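Presented below is the structure to which this report refers.
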Amino acid sequence: MADPLAPPAPRWSRAWARPVWAHLVALAAGLLLLVPVVGTSNSFIADEGAAIIQARSLANGEGWIVEHPLPEVDPEGRWYPVVNAERGTKGFAPLGKHPLYPALAAAAARVGGVAGMVVLSLLGTVAAAGLAAALARRIDKALTRPTLWVVGLASPLLFDGFLVMGHTLGAALATAAVLAAVVAVHDRRPLVALLVAPAVGGAVLLRNEALVFAIALVLVSGFLALRRAYRAPAGLVAAATLAGAVAARLLDRLWVARVTGGAVQATAVGVPAAEDGFIEGRVDGFLTTWLTPSYGDLDLGALALLVMLAAIVWCALRVRSHPEGRAAILGSAGVAAGAAAVALAADPGNVVPGLLLAFPAATAGMLVMRRRLFNDAVAAMVVGATTALFALAVIATQYAVGGSGEWGGRYFALLVPAAVPLLLRALRAQRRSLAADVRRGVAVALVVCSAALSVMAVGALRANHRAGADVVDRVEAAGRLTGDPRPVVVTDWIAGARLAWPTFDAHRWLYVTKGRVAEAVDRLGAAGVDRFVLVSNDVAVLQDRLEGLTVVASDVPPSGRQILVLER
Numbered sequence: 021m022a023d024p025l026a027p028p029a030p031r032w033s034r035a036w037a038r039p040v041w042a043h044l045v046a047l048a049a050g051l052l053l054l055v056p057v058v059g060t061s062n063s064f065i066a067d068e069g070a071a072i073i074q075a076r077s078l079a080n081g082e083g084w085i086v087e088h089p090l091p092e093v094d095p096e097g098r099w100y101p102v103v104n105a106e107r108g109t110k111g112f113a114p115l116g117k118h119p120l121y122p123a124l125a126a127a128a129a130r131v132g133g134v135a136g137m138v139v140l141s142l143l144g145t146v147a148a149a150g151l152a153a154a155l156a157r158r159i160d161k162a163l164t165r166p167t168l169w170v171v172g173l174a175s176p177l178l179f180d181g182f183l184v185m186g187h188t189l190g191a192a193l194a195t196a197a198v199l200a201a202v203v204a205v206h207d208r209r210p211l212v213a214l215l216v217a218p219a220v221g222g223a224v225l226l227r228n229e230a231l232v233f234a235i236a237l238v239l240v241s242g243f244l245a246l247r248r249a250y251r252a253p254a255g256l257v258a259a260a261t262l263a264g265a266v267a268a269r270l271l272d273r274l275w276v277a278r279v280t281g282g283a284v285q286a287t288a289v290g291v292p293a294a295e296d297g298f299i300e301g302r303v304d305g306f307l308t309t310w311l312t313p314s315y316g317d318l319d320l321g322a323l324a325l326l327v328m329l330a331a332i333v334w335c336a337l338r339v340r341s342h343p344e345g346r347a348a349i350l351g352s353a354g355v356a357a358g359a360a361a362v363a364l365a366a367d368p369g370n371v372v373p374g375l376l377l378a379f380p381a382a383t384a385g386m387l388v389m390r391r392r393l394f395n396d397a398v399a400a401m402v403v404g405a406t407t408a409l410f411a412l413a414v415i416a417t418q419y420a421v422g423g424s425g426e427w428g429g430r431y432f433a434l435l436v437p438a439a440v441p442l443l444l445r446a447l448r449a450q451r452r453s454l455a456a457d458v459r460r461g462v463a464v465a466l467v468v469c470s471a472a473l474s475v476m477a478v479g480a481l482r483a484n485h486r487a488g489a490d491v492v493d494r495v496e497a498a499g500r501l502t503g504d505p506r507p508v509v510v511t512d513w514i515a516g517a518r519l520a521w522p523t524f525d526a527h528r529w530l531y532v533t534k535g536r537v538a539e540a541v542d543r544l545g546a547a548g549v550d551r552f553v554l555v556s557n558d559v560a561v562l563q564d565r566l567e568g569l570t571v572v573a574s575d576v577p578p579s580g581r582q583i584l585v586l587e588r
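Below is the structure:
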């Protein structure tokens, strides 16, 4: 019984002790408040545009097929504007590869338009945080609430929650599958293993990398099934995982074929292969998705992030080997926090593709992870082994350029929530070896680093949305100069039509590679289109292909792409 004469607990302590569901509500409210800050007028990467175009077509009752805007100019369908669309006998589906996500996004769009689609992704972040908290409860009850907030506000899922894509929903389902597997094996409740199948199946229906996750979980649970104590539940987990993945893969293929009419093929491939071979491609992909501080030059902000990473590494190594070294630990922790602050001040809209830089808490947790955390801890073993195998498999199979545009390696996001409880457990175990003042100093530094990167993530989204909206507005202004109620826009920019989703229906886009621009211009002339807009990454390269055309107007946005109004 509490002492009635004891002073009341501090307000923050009472708030922290609230039920987990109250923390989830608070997290959801905080993320929703960020929606107007980030904005919904544009998107961060081109794949979002394909999803929005597809979802809008479904929401408007126009179906999966989005017709070619200029079939008379391009009867072969080589210049369909939405790159990587699925093409079948019925026509083109801008995002037909995994139909489940556009179907869900369309339902959200009917309720709240593009903002509704963003909220759908944010719900995925909230669900992933809640499921990760439930998983943390199985590993260490003290980590339940910290896990929830780290996943929701200090991990790449904060950023991914504002993308109109299936990353966060896939991550929530993958976390649910891991949680069900842990409960089935740890508590020896075989029937719970049956829940793994729909969770894995849902993830596979949303994301390609979910197949890699399914293989990892099958291998881990299969290994555990070799031990007599876990044979039945672990064997059922392996079987359920395999069944869910196979069934979802078959359903996905049947659904795509039904949508497009069969004979499915992508209209183009937007990610180049590695130029230097397979091994070099794996190295390039790893460097991009784990260690790259920025897509731009190595300026002050990017350099400061590298200093932050180096300081975190040095601090963690000192904590492991010499926890009594107060000055070295606090000094390196202070350098990390200061560098993070400098990086944020120097470039608040910087995009950080490297996971170790974008997620400082995970980096610190990985560096202080010890083998003893897995001794006789089947929950930790399932989470740790599945996460490790998944990460290695993604490194071995991802594109040499990673995800092309991402915050903290977006192909790894699937298992970020499940990994957080284990990473926080490693940090909690290590902190016991530190003196009280050192412990507080390191914790404050890690919070500062995490907060700086979270603010930068929001800034990056906001800056990219504004830059994209600026280009769209300029293309729209150029289109008005053509005098055509639905102007033709020719582009050699592979992302152009997808990022221009706000005005996609108001224009007739063609994606034409530089080598075929002259052919496209001739065909437009034959079709009676004498004035059109050209959006190019490098107009100088196209000069010899634009002979006989007059420049009516030109514009060069800050992004560097050139917008011309041309007349025959």
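Numbers 21 to 588, taken from my numbering, label the letters of the sequence shown in order.
Think of the CB as a built atom: it goes at the ideal place given N, C-alpha and C, for glycine as much as any other residue.
All values derive from a computational prediction rather than experimental measurement.
Tell me where the beta strand (DSSP E) around Ser-556 begins and ends. For the purposes of this step, residue 556 is taken as the residue at position 536 of the sequence shown. Segment 551-556, the beta strand (DSSP E) holding Ser-556.
Assuming Thr-383 and Leu-393 are in contact, meaning their beta carbons sit under 8 angstroms apart, how far apart are those beta carbons, in whole angstroms? The residue given as residue 383 occupies position 363 in the sequence shown. The residue given as residue 393 occupies position 373 in the sequence shown. That pair is no contact at about 17 angstroms.
Just curious, the beta strand (DSSP E) that Asp-493 is in, first and last residue? Translated into the one-based positions of the sequence shown, residue 493 becomes position 473. No beta strand (DSSP E) contains Asp-493, which is instead part of the alpha helix (DSSP H) from 456-500.
Test item: CB-CB of Pro-114 and Ala-79 under 8 angstroms: The residue labelled residue 114 in the question sits at position 94 within the sequence shown. The residue labelled residue 79 in the question sits at position 59 within the sequence shown. Remark: C-beta atoms of Pro-114 and Ala-79 do not approach each other more closely than 8 angstroms.
Can at least three beta-carbon pairs, one atom from the stretch 74-91 and one from the stretch 46-63, be found at a separation below 8 angstroms? Result no; under three Cβ-Cβ pairs closer than 8 angstroms.
Unbroken stretches of the alpha helix (DSSP H), 4 residues or longer, contained in the stretch 124-197: You should have 164-173 and 176-180.
Every unbroken beta strand (DSSP E) inside the stretch 520-575 [3 residues or more]: Correct list: 528-531, 551-556 and 570-575.
Note down, in chain order, each residue of its chain lying with its Cβ closer than 6 angstroms to the Cβ of Leu-237, except the 5 sequence neighbours on either side. Along the sequence shown, one-based indexing puts residue 237 at 217. Annotation for Leu-237: Thr-261 and Thr-406 place their beta carbon closer than 6 angstroms to its own, counting only its chain and skipping 5 residues before and after.
Simplified DSSP state of Ala-105, which is helix, strand or coil: Counting from 1 along the sequence shown, the entry for residue 105 is found at position 85. In this structure, DSSP gives Ala-105 a state outside helix and strand, which the three-state scheme calls coil.
Option nearest Val-303 by Cα separation, candidates Ala-540, Val-421 and Ala-363: Reading the sequence shown from its first residue, position 283 is the one you call residue 303. Residue Val-421 is the option with its Cα nearest to Val-303.
Please classify His-527 as buried or exposed, where buried requires at least 16 neighbouring CB atoms within 10 angstroms. As a working mapping, residue 527 is identified with position 507 in the sequence shown. Per the 10 Å Cβ criterion, buried.
Between Val-464, Val-436, Ala-204 and Ala-480, which lies nearest to His-187 when the distance is taken from Cα to Cα? Numbered from 1 along the sequence shown, position 167 holds the residue referred to as residue 187. Ranked by how close their Cα comes to the Cα of His-187, the residues Val-464, Val-436, Ala-204 and Ala-480 have Val-436 in first place.
Gly-290 to Ile-514, Cα distance in whole Å? As a working mapping, residue 290 is identified with position 270 in the sequence shown. As a working mapping, residue 514 is identified with position 494 in the sequence shown. Residue placement at Gly-290 cannot be trusted, given a pLDDT of 49 that sits under 50; what the coordinates show is reported in the next sentence. Take the alpha-carbon of Gly-290 and the one of Ile-514: they are about 7 angstroms apart.
Sub-8 angstroms separation of Gly-144 and Gly-181 beta-carbons: Within the sequence shown, numbered from 1, the residue matching residue 144 stands at position 124. Within the sequence shown, numbered from 1, the residue matching residue 181 stands at position 161. With contacts defined by Cβ atoms closer than 8 angstroms, Gly-144 and Gly-181 form a contacting pair.
Look at the Cβ atom of Pro-577, then the Cβ atom of Val-491, and state whether they are nearer than 8 angstroms. Here the question's residue 577 lines up with position 557 in the sequence shown. Here the question's residue 491 lines up with position 471 in the sequence shown. Judged by beta-carbon spacing, Val-491 lies within the 8 angstroms limit of Pro-577, meaning their Cβ atoms are closer than that value.
Could you tell me the distance, in whole angstroms, from the CA atom of Ser-574 to the CA atom of Asn-62? Indexing the sequence shown from 1 puts residue 574 at position 554. Indexing the sequence shown from 1 puts residue 62 at position 42. C-alpha separation (whole angstroms): 23 angstroms.
How is the alpha helix (DSSP H) around Phe-298 delimited, first residue to last? Against the sequence shown, residue 298 aligns to sequence position 278. Secondary structure note for Phe-298: its alpha helix (DSSP H) is the uninterrupted segment 298-306.
Would you tell me roughly how many angstroms separate the C-alpha atoms of Thr-570 and Leu-307, rounded to the nearest one? Position 550 of the sequence shown, counting from 1, holds the residue named residue 570. Position 287 of the sequence shown, counting from 1, holds the residue named residue 307. For the pair Thr-570 and Leu-307, the Cα-to-Cα distance works out to about 45 angstroms.
Own chain, CB closer than 7 angstroms to Ala-378, minus 5 neighbours either side, in chain order: Against the sequence shown, residue 378 aligns to sequence position 358. In chain order, Pro-176, Val-372, Trp-427, Gly-428 and Leu-473 place their CB closer than 7 angstroms to the CB of Ala-378, counting only its own chain and leaving out the 5 sequence neighbours on each side.
On a Cα-Cα basis, can you pick out the residue from Glu-539, Ala-230, Leu-244 and Phe-233 that is closest to Val-398? The residue given as residue 398 occupies position 378 in the sequence shown. When each option's Cα is compared against that of Val-398, the closest is Leu-244.
Which same chain residues end up closer than 6 angstroms to Gly-255 when comparing Cβ atoms and leaving out the 5 residues on each side of it in sequence? Counted from its first residue, the sequence shown places residue 255 at position 235. Non-local C-beta neighbours of Gly-255 in its own chain, meaning closer than 6 angstroms and more than five positions away in sequence, comprise Ala-245, ordered along the chain.
Length of the line joining the Cα atoms of Gly-548 and Glu-587: If you number the sequence shown from 1, residue 548 lands on position 528. If you number the sequence shown from 1, residue 587 lands on position 567. Looking at the two C-alpha atoms, the distance is approximately 12 angstroms.
Going along the chain, which residues of its own chain have a beta-carbon closer than 7 angstroms to the beta-carbon of Leu-326, five neighbours each way excluded? In the sequence shown, counting from the first residue as 1, residue 326 sits at position 306. Excluding the 5 residues flanking it on each side, Leu-326 has same chain C-beta neighbours closer than 7 angstroms at Pro-313, in chain order.
Whole-angstrom distance between Val-585 and His-485, CA atom to CA atom: On the sequence shown, residue 485 is found 465 positions in, with the first residue counted as 1. On the sequence shown, residue 585 is found 565 positions in, with the first residue counted as 1. Near 24 angstroms, if we compare the C-alpha coordinates of Val-585 and His-485.
Please report how far the alpha carbon of Arg-317 lies from the alpha carbon of Leu-323, in whole angstroms. Locating residue 317 in the sequence shown gives position 297, counting from the first residue. Locating residue 323 in the sequence shown gives position 303, counting from the first residue. Strictly speaking, residue 317 in this sequence is Asp, with Arg absent from that position. Their Cα atoms are separated by approximately 9 angstroms.
Do you know offhand how far Gly-97's Cα is from Gly-108's? Sequence index remark: in the sequence shown, residue 97 carries index 77 (1-based). Sequence index remark: in the sequence shown, residue 108 carries index 88 (1-based). As the crow flies, the alpha-carbon of Gly-97 is around 11 angstroms from that of Gly-108.
Alpha carbon of Arg-500 to alpha carbon of Asp-564, nearest angstrom: One-based indexing of the sequence shown puts residue 500 at position 480. One-based indexing of the sequence shown puts residue 564 at position 544. In this model, Arg-500 and Asp-564 are separated by some 26 angstroms (Cα to Cα).
Beta-carbon contacts of Leu-387 that lie in its chain and below 6 angstroms, excluding the five residues immediately before and after: In the sequence shown, counting from the first residue as 1, residue 387 sits at position 367. Annotation for Leu-387: Ala-336 place their beta carbon closer than 6 angstroms to its own, counting only its chain and skipping 5 residues before and after.
Three Cβ pairs or more, each shorter than 8 angstroms: is that satisfied between the stretch 550-560 and the stretch 502-522? Per the Cβ contact rule, the stretch 550-560 is in contact with the stretch 502-522 (3 or more Cβ pairs under 8 angstroms).
7 angstroms CB neighbourhood of Leu-350 in its chain, flanking five on each side removed: As a working note, residue 350 is residue 330 in the sequence shown. If we look at Leu-350 and ignore the five residues flanking it on each side, its Cβ neighbours are Val-458 and Gly-461.
Going along the chain, which unbroken runs of the alpha helix (DSSP H) with 4 or more residues stay wholly within the stretch 52-79? Entirely contained in the stretch 52-79, the alpha helix (DSSP H) runs reaching 4 residues are, in chain order, 66-79.
DSSP on Thr-312, reduced to helix/strand/coil? For this step, residue 312 is matched to residue 292 along the sequence shown. Looking at Thr-312 - three-state DSSP - the assignment turns out to be coil, as it is neither helix nor strand.
Residue range of the beta strand (DSSP E) that Val-509 falls in? Looking up residue 509 in the sequence shown gives position 489. Start and end: 508-511.
Between which two residues does the alpha helix (DSSP H) carrying Val-436 extend? Start at 1 with the first residue of the sequence shown, and residue 436 comes out as number 416. Run containing Val-436: 436-451, per the alpha helix (DSSP H) assignment.
Among Arg-158, Arg-76, Leu-168 and Leu-226, the one whose alpha carbon lies nearest that of Gly-136: Residue numbering aside, residue 136 sits at position 116 when the sequence shown is read from its first letter. Out of Arg-158, Arg-76, Leu-168 and Leu-226, Arg-76 has the C-alpha closest to the C-alpha of Gly-136.
If you draw a straight line from the C-alpha of Ala-127 to the C-alpha of Val-103, how long is it? Residue mapping note: residue 127 aligns to position 107 of the sequence shown, counting from 1. Residue mapping note: residue 103 aligns to position 83 of the sequence shown, counting from 1. Distance between the alpha carbons of Ala-127 and Val-103: 24 angstroms.
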